[in-house]
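Residue numbers (the numbering used here), protein chains in the order written: chain D, 1 to 305; chain Y, 1001 to 1336; chain G, 2001 to 2338; chain P, 3001 to 3510.
C-beta atoms are modelled at their ideal positions from N, C-alpha and C, and glycine is treated no differently.
Remember, it's a predicted structure, so these values are computed and weren't measured experimentally.
Presented below is the structure to which this report refers.
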Amino acid sequence: SNGADAGSDAGTDGGYNVYALLPQGNDQPYGTNYLKAMNAAAADMGVNLTITNAEYDSAKQANECSVAIASKPDGIILWPAAVDTIRPCLEAAKAAGIPVNASNSDVLPEDKSLVGTYTGPSNDGVGRAAAKLIGDVLGDKGGNIIIVQGLSGNSTAIDREAGFRDELAASYPNVTVIGQQPGDWAKDVALTVTSEMLTSLGEENIDAIYAVDDTMAAGAIEAMENRGIDPTTIPVVGTGNTELGQPNVLSGKQYGTLFQSPVWDGENAVKYIVEAIDGKTLEPNYFMPVPEITKENAADYPAEW
Amino acid sequence: MTHTEIIKTPTLASTRGGSGNSASKMVAWVASRGIFIFTAVLLVFSAIFVNGFASSVNIIDVFHRASAIGIVAIGMTFVVISANYIDLSVVAQIATSGVILMALSPTYGVLGAMAIALFFALLYGLVNGISVGFLKANAVVVTLGTTGIGAGILSLVTGGTIYYGPTGGPIDAFGDARVGPFPLSAFVLIVVAIVAGIVLSRTKFGFMIRSYGSNKQATRLAGVNSGGVVVGAFVLTALAAMIAGFVLAAYSNTAVSTMSEGYDFRALAAVIIGGNSLFGGRGSIFRTFIGVIFISVLSNILVLSGFSFAWQQLVTGAVIVFAVALDALARKAEKR
Amino acid sequence: MSTIKLQETQTGTWNRVKNTVARRTEGRAVVLLILVIVVIAMQQPIVFNAYGVSLARVALVGMVALGLTLVVLQGELDLSVGSTLALTGVVVATIPDLGLGIIVGLITGLVIGALNAFLIVIVGVNSFIATLGTLFALRGLAFVLSDGRPVRVTDIDSALAFGRQLLGPLTPRVLVFILLFIALHFFISRMRAGREFYAVGGNRQAAIDAGIPVKLRLFTAFMLCGFVAALAGVINTLELTAADPTAGSSVLLASFAAVIIGGNLLNGGRGSLVGTMIGAFALGLMQVGLTFAGTPREVQDVLIGIILLVAITTEPNNLRALSGRFQRLTQRKANASA
Amino acid sequence: MSTARDAQPVRKTVIEAHDIVKRFGGAVAVDQVGITVAAGEIHAVVGENGAGKSTLMRILAGILTPDSGGVSVDGKLLEPGAKASLEAGIALVHQELSLIPEMTVAENILLGVTPTKFGVIDSARQRKIAGDALDQIGVSVDLNEPVSRLSMALRQFVEIARAVARNPRVLILDEPTATLTPAETDYLLSMLQRLAARGLAIIYISHRIPEVFRICERATILRDGQVVEVMTIAETSPNAVIDKMVGRELKLDLQTRRVADPGAVVLSARGIRAARVNGIDLDVRAGEIVGIGGLVGAGRSELVRAIIGVDPRTAGTATITIDGETKNINGYGHAVRSGIAFIPEERRTEGLALDMTVAENITLPNRAALSTGGFLQRGKIAEFAMRLANTVGLRPPEVDRAAGQYSGGNQQKVVIAKWLGREPKLIVLDEPTRGVDVGAKSEIHRLLRELADQGTAVLVVSSDLPELLELSDVIHVVRDGRIMGTLSPDEANERSVMALAAGERVASSS
Ligand SMILES: Nc1ncnc2c1ncn2[C@@H]1O[C@H](COP(=O)(O)OP(=O)(O)OP(=O)(O)O)[C@@H](O)[C@H]1O
Ligand SMILES: Nc1ncnc2c1ncn2[C@@H]1O[C@H](COP(=O)(O)OP(=O)(O)OP(=O)(O)O)[C@@H](O)[C@H]1O
Ligand SMILES: [Mg+2]
Ligand SMILES: [Mg+2]
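As structure tokens, then:
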């Protein structure tokens, strides 16, 4: 696979040697496309990538971090498995004089000084944007909503929910979350738990659904259809504008989503680590534009994953 | 197990039939059937106290929870009763068949895709079965190995791609289909249960599996091709896992390489809660079926009652511990 | 007085060597380790230059396996080690005082071990099943205590200090790992209580009849296993300055693999910590090497899967069975042609 | 050599048990049993299979706790539990070997009483004590050898050494000679007499009445869990003891079998080689009983197992001929399908599925006959099992009782019964009556004769010389996996067989 020789100090073709420490890869839809884009970009810029996948096991990622540092690369791209657990990795890299950029999930504020920059979506921001979509569609009268969460304990899921709830509290006081269950990023699980929440909370009491990604949004929509509910009557907001989600948005079954681009994410991770290595001065954050997608503009944004 | 009506066993009761003095006999009887009682109690309790449990829509959800995992558990019962503990590779097997169905039916048609899935199911069954049955390797380790290989390859080939079928397509139609108030998958579950039940309790092959689970050597020395019996057990498990993969994929009309995470231990949990013996020999498909219903209803009412994931795990684990502890006590009571 | 000779006792150093080798259980683990080392030496020598890192990985893979071995030697299993690790991590992180947290965490491990042992020894549940239950329950508890999100330790600086290299490039994890190995190995090879683990696993009825406190031995093994898992959880939390309730998901299977490759018989009574250690080294070094090479995770899974299959199907006894069948097949052919 | 009869009469009682009752489920295994043994006495406990001998001994050793009654040593009543009994000086040599395969001889001998300094094993003392114990019984073996690598006989002596190492007041041996050859048995018996002479109280269980008459002073006779009588050996006769045991007149027709006019060759083995089998030729004819004699460890089991394909052959061929049609025996399954029945040596681990019912065990080899279209026929099974149970005289004849609940002898009957259902052309038996009482034994012998008379070919491995001589039309004596000689009934006697087994070549017919 890629960078089979990145272990050796000087890159064979003179390009930079970069480690990308990721918590997912070909085992997840997003990661798959993130990797594609990342490798493509690396090829363009002559970067030798060495990629690891910690499967969201932070201890494993910590060890992979020290492996990376031991092989003295020119730079490290770190997508934290769990943001709270990466301080030691960052400090070790700093001590070894290796620039580190965070990707996809930003580090904690107190660790910000240890990374060159962050590239990727503001997961918190994604949550906020979703809150906006829902808040606006519900209007001043607000209403009751349920959340279909990602895999329990997953940091992206946690960040999105946090942003979502903060934004609601800040700007949409009449919108109240009356139920929440994990959909494990899977359509079938989302389908079941949504249906069960509709049962227990009462279809009539639920005014909107926030599924933290489009796959689960699709599950929520199917749950309603199975019960003979017209999905347009209970607006669903997801995230990703994925191949699974976009058709639902276009057909109006899903009220809206947020376009998160793994391509942008992967490319810029490489782009900015190169700049960091070159010593360019960087902004603290390069946030991925996360446009709000609804029926109107969905066609302008081809799905990427 | 074979019963001999013509002979009565007054005092000398078999290890199976409870024991001498009627008190401990009672205990044994009740305890060894505890799971049936609990399931009944749980159902009644839920119907009365859990808002919305008895509604027809919810029954459907319960069956959706039960069908895929139930089919796997029923298949795994054969491996368990043959005293081989568990087939960990069902995780990889379910995902493989699900992904094949969704990914290949556009090109090869649903039946074509199913045929291909069948091929891989048999492959899994044979590799596991031959390694365990003929090379006498430990089943847990073997299936741990085949899981790594199978899941690894699946993930290499498909990445995290989510394969989805056309809405209203045959697969989607199957997933949404109802028979009366029940989802079609529920009937698949029941049919699989009945067939498996007959195979295990009534057929020669089932008898050999039970006998093998009870004493490998004696079974072999009775002229049974014991390796073949083990292969059979793993093939049956693989077939069940394949069907479960179809059902699971059809349910959500999607499939992805990670779709069946955790199905290995959850299925085993169902088998065990049903009161099947991990030492092999003793057990029945019906017990597994009850075990499946029990955990499905349990997780259903936990969600209905708004418990968080954390508490769901905690309660489920506690219930498993309780159920198996009771089963163990039952065994003790029988011995006494 | 008259004596009787029932069996020729072989003498001579060569025979003694042969016997000693024949008695060992670590053969295949050694072969694998040599293989790994050779390949790495040719492909990724950096694995050895960065031995601090490599050892850390070995310790990561191997520590829990050491505890698991004690249970396996008695013919039992503990599936709950991963959850134990996660739960103790959370416990450590949620207690403000780090020192106190560590102590409570380790005690948690002992308590969990005792709970498992209680279910298995007193109630009489098969260990595979009992620990399957605690596997779920403890994970749930970890989520309840942590509210399902990572918990950062309050006293981060001390935690960071712990993670730093202590002796050359060696981190505390590595040193604890080595000390633990020495202690446990001494325990099961030189101390009566530990040595009797082999009796409990080898022929339990005989052990009971001989007056060995089998229940006590089982309790000891499970509590040690729980303690070691807890220790791993504590070290993770300190090294990472935070505890993740989802941690340890891969720990069970990794340690299990190390134990198997180490040549420990799952039915109990046969095996050694040395074997487990070697198995851990083989797996750990291989993983580090593959990471340096940037090999995709999937490929690593496939490799480890293959190694496990080979390791288990080349159990000496299994090989004999195999060769037997082979001979019969060839015979069948011969007969057919004849 | 000295026999117990010369021992001085008045000695103080060491162990005394009274009113012992033990039930298993509803079954009363031991019923109001008492027993007293004095220092220096060798006291026999005899009875049919299932009489309750082992159960009683396990109670004396504190391994089983009786439902009522008590055991006292030197007048002091013992606490329940193995520990108390051990400390009181009661040591039991179990009926089944109870050694730890992966532990060394020294460790096994001191199992449970390992000497330690601060919990660390004091291996020097361990080896010393173990060595002494072995010296006491006069057996030499490498103390560091794992028991898994010892011969059966050696394992049995290590067991005894373990008991002796606890320097007991009371030594109990439950069928110690079952796996031993005459030579080893002879040695064991005189050894026991030496120990008794030193004031040890010994309880000796055996189905071999001659042994009892050779070394024992008194005999407690059990039947159906009750004491029938306590006899003084000097004042009784073997037949009297046997009658008491069995509770009915039982004439053992010990006439050796007339040579059947040998029919056609059924089994023919040529150049058989396998683990510990080094090139063996032999034929078995229809209606003929062929005996295999030799010492334990001679490879007799390995031989027969290799011939019929239970264990892999490294060389050689075996053929079976049935109504003129000759087939190669390729693998065990093939052997069974072509009409061979095998009764293995290890009844409990290889012969039966102990936690399945008798009916289920009988069904196993007859599953084809008892099922149509792959489905078992339950009604048929019941009658079928019952018929066979009666044929072999299973007691009690309850075919849906778990096989594990029957005593050794009855278990062996079930093992034979399940094969009779196939009406085999060749029956191979490895130690057919090991641990089987005289009554059951003679029934099994009669059964084998009848089968032979009906034209079945029979191949028997036995360490029990009288049995071998009584049954066989021809005896092959095996040593180191080779046939040392072949004896016809008129040549065969204890001497000639042992001579060959021990390696002395004597001229032999054929
Ligand atoms: N664990 C048990 N459970 C049920 N019944 C048992 C058990 N052990 C022994 N029995 C029954 O108790 C009776 C006595 O058994 P025991 O083994 O003492 O006989 P024995 O005299 O030793 O026979 P043998 O000469 O074959 O060893 C038998 O009927 C047997 O079936
Ligand atoms: N020297 C030895 N080394 C290893 N195993 C031995 C040895 N002697 C005997 N055994 C084992 O003990 C058992 C009895 O030995 P074996 O079967 O060869 O003797 P046998 O002539 O069949 O006597 P028996 O009738 O007791 O079986 C066998 O399982 C054999 O493997
Ligand atoms: Mg007995
Ligand atoms: Mg033998």
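In the three-state DSSP reduction, Asp3186 of chain P falls in the helix class (H, G or I). Taking the beta carbon of Val2151 of chain G as reference, no residue of chain Y falls within 7 angstroms; the closest one sits roughly 13 angstroms away.
In the DSSP assignment, His3018 of chain P is bridged to P:Gly3070.
For Arg1202 of chain Y, the residues of chain P that pass the 7 angstroms Cβ criterion are Phe3375, Leu3376, in the order they occur in the chain. Going by C-alpha positions, Thr242 of chain D is about 8 angstroms away from Gln260 of chain D. Annotation: Cβ neighbours of Glu3102 of chain P in chain G (cutoff 7 angstroms, chain order): Tyr2198, Gly2202, Gly2269, Arg2270. Residues of chain Y whose Cβ lies closer than 7 angstroms to the Cβ of Glu2298 of chain G are, in chain order, Gly1152, Ser1155, Leu1156. Rounded to the nearest whole angstrom, the CA to CA distance from Lys3053 of chain P to Ile3090 of chain P is 16 angstroms. Among the residues of the segment 2241-2252 of chain G, those with a Cβ less than 7 angstroms away from any Cβ of chain D are Thr2241, Ala2242, Asp2244, Pro2245, Thr2246, Ala2247, Ser2249, Ser2250, in the order of the chain.
In chain order, Val2214 place their CB closer than 7 angstroms to the CB of Ile2208 of chain G, counting only its own chain and leaving out the 5 sequence neighbours on each side. For Leu3060 of chain P, the closest Cβ of chain G is not nearer than 7 angstroms. In this structure, Ser71 of chain D and Phe2292 of chain G form a Cβ contact; the two beta carbons are roughly 6 angstroms apart against a cut-off of 8 angstroms. A distance below 7 angstroms between beta-carbons, with the five flanking residues on each side excluded, links Phe2187 of chain G to the following residues of its chain, in chain order: Gly2194. Inclusion of Pro235 of chain D and Met224 of chain D in the CB contact set at 7 angstroms is not warranted, their separation being larger than that value.
The segment 49-62 of chain D makes no contact with the segment 2217-2224 of chain G; the number of CB pairs closer than 8 angstroms stays below 3.
With 16 or more neighbouring CB atoms inside 10 Å of its own CB, Asn2236 of chain G falls in the buried class.
For the segment 2086-2113 of chain G, the beta-carbon criterion of a distance under 7 angstroms to any beta-carbon of chain Y is satisfied by none of its residues. Annotation for Ala81 of chain D: no beta strand (DSSP E) segment contains it, and DSSP assigns it neither H nor E. Restricting attention to D:Thr194, D:Ser251, D:Ala81, D:Asp44, the CA atom closest to the CA of Pro2245 of chain G is found in D:Ala81.
DSSP places Asp136 of chain D in the uninterrupted alpha helix (DSSP H) bounded by 123-138. Ser3338 of chain P and Ala1233 of chain Y have their C-alpha atoms spaced approximately 26 angstroms apart.
Proximity of chain G to Ser3098 of chain P at the Cβ level (cut-off 8 angstroms) is accounted for by Asn2203, Gln2205, Ala2206, Asp2209, Ala2210, in chain order. Along the length of the segment 205-243 of chain D, whole alpha helix (DSSP H) runs at least 4 residues long occupy 214-226, reported in chain order. Taken through DSSP and simplified to helix, strand or coil, Val2090 of chain G comes out as helix. From the listed residues P:Val3141, P:Val3139, P:Glu3107, the smallest Cα separation to Arg3125 of chain P is found for P:Glu3107. Spanning the alpha carbons of Ile3035 of chain P and Leu3394 of chain P requires a straight line of approximately 29 angstroms. Annotation: the continuous beta strand (DSSP E) that includes Met3231 of chain P extends over 3226-3232. The same chain holds no residue with a CB closer than 6 angstroms to that of Pro247 of chain D once the five nearest residues on each side in sequence are set aside. The segment 184-192 of chain D makes contact with the segment 1248-1266 of chain Y: 3 or more CB pairs, one atom from each, lie closer than 8 angstroms. Check the Cα spacing between Met288 of chain D and each of D:Trp264, D:Glu304, D:Gly256: the tightest is with D:Trp264.
In this structure, DSSP gives His3445 of chain P a helical state, which the three-state scheme calls helix.
By the C-beta density criterion, Asp2301 of chain G is buried, having at least 16 other C-beta atoms within 10 angstroms. Looking at the DSSP output, Phe3342 of chain P shares a beta bridge with P:Val3428.
Beta-carbon to beta-carbon, Ala3274 of chain P and Thr3314 of chain P are separated by about 6 angstroms, close enough to satisfy the 8 angstroms threshold.
Non-local beta-carbon contacts of Ile1059 of chain Y in its own chain, meaning distances under 8 angstroms to residues more than five positions away in sequence, involve Pro1181, Phe1182 in chain order. By the C-beta criterion, the segment 2250-2263 of chain G is judged not to be in contact with the segment 2175-2192 of chain G, since fewer than 3 inter-stretch pairs fall below 8 angstroms.
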